[in-house]
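Residue numbering for the sequence shown follows the working numbering, starting at 8 and increasing by one per position.
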Amino acid sequence: MPKTLCAVYDLTRPQKWRPECPQPMVLERIGTCYSPPHCCKCGLGNNISDYPGSSAGLQHTIVIKQTIFKINFHIVKIVMKITAIKCMMKILLFSQAATSGRLRVENGRRLSYISGVETMHDSLIIRCVAEFIGTAIMVALGNGSVANVELKGTKGYHGSWLLIGWGYGVGVMIPALMFGTISGAQINPAMTIAAAVVGNFPWQDVVPYIVAQLLGAIIGQLAVVLAYKPYYEQTTDTTAILGTFSTIDAADSKLNGFINEFLGTFLLVLGAVAMTSDKIDPRADFIGLGFLVMCLVVSLGGPTGPALNPARDIGPRLLHAIWPFPHKGSSQFDYSWVPIVAPIAGAICATVLWKVVFS
């Protein structure tokens, strides 16, 4: 084999090899000449500039590494920009939905009162707890105002009917503001059932909601009884005592009571649906709803009370039946079906009307 010399490597001495390759360099015969050594494992090195021992090879390696680094850097920048854009889009969409109060997803969670708007971040248990507390607050504030006007010896005894209207208006508005974004603050079985009828609320959640609302009404009335216990003992008018618990038809007419409860609940639910469907500000909707309840109590509350809410009537009526008052009369269960059936019928008619005509 003829001896061939190289300025970089002695091609007759194939002891050199690439650091990253365990195989030694070998010679390859091409015609009458010998090619530069190459690696028999990786097949590289057919150009003398590829070898790390040469300045040309070092420069070539640096250029390759810089190119790879630049490519990786640009890829990372692109990925980061895409991720940032996605995050910004999610934030904008969530902000728009939050400001409009319309975070609608499926399964009926966080309904904005009656319109079927929701956010679906809370479990059924949490939403039922919200309904329980909200209904308890409504009954405590509403029937508390009635007790303040009707019970002998209180600071508001024989006060204006406006006190009761104000008490019930605020009694509905406060729980709505508190729990509207959690459970929808329906706090009314009539609204819950009506929302389910038109498809804005899941039927499987109706019974848990109603149970929570009924228990909340009982606890709210219990708070009124404990707060006004001395005045219940002083009051001898059994009708006045029952009036602080549940509704009573002043004309002793179930038909008149049914018409009154139906009409009042129809206007209440229709107004609630209309106000919460504007997609502007749910908090303002709940304030308007409180004024609507106040107006209904003042304008249509003379004949029966009114209930406009099955839980607000039957829950406290059950407590009246079992609580030992010194001057307790009848709980009038023969009339109790009226403030249950009439509000449900009125609420369903209101939601169906809105669904068919305006939705």
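Where is the CB? At the ideal position from N, CA and C, for every residue including glycine.
All values reported here derive from a predicted model rather than from experimental measurement.
Going by beta carbons, G160 and Q241 fall inside the 7 Å limit. Here the alpha carbons of M301 and H334 stand approximately 30 Å from one another. Going by DSSP, I266 is part of the alpha helix (DSSP H) stretching over 261-283. Around the CB of R319, 16 or more other CB atoms lie within 10 Å, so the residue is classed as buried. When secondary structure is reduced to three states using DSSP, H327 falls in the helix class.
When only Cα atoms are considered, R134 and K88 end up about 38 Å apart.
In summary, Q228 is buried, with 16 or more beta-carbon neighbours lying within 10 Å of its beta-carbon over all protein chains present. Sequence-distant partners of F273 (beyond 5 residues in either direction) whose C-beta falls short of 8 Å from its own C-beta, in its chain, are G353, A354, C356, A357. By the CB criterion at 7 Å, A143 and G223 fall inside the cutoff. For the 7 Å CB-CB criterion, F293 and L169 do not form a contact.
Burial state of V83 is exposed, judged by a 10 Å Cβ sphere holding fewer than 16 other Cβ atoms. Contact check for P209 against P317 fails: the beta carbons are separated by 7 Å or more.
Excluding residues up to 5 positions away in sequence, nothing lies with its Cβ nearer than 8 Å to the Cβ of W344 in the same chain. C-alpha of A281 to C-alpha of H81: approximately 52 Å in a straight line.
For T283, the closest alpha carbon among the candidates W361, L270, I71, P323 is that of W361. Taking C-beta atoms as the reference points, I225 and L148 fail to come closer than 7 Å.
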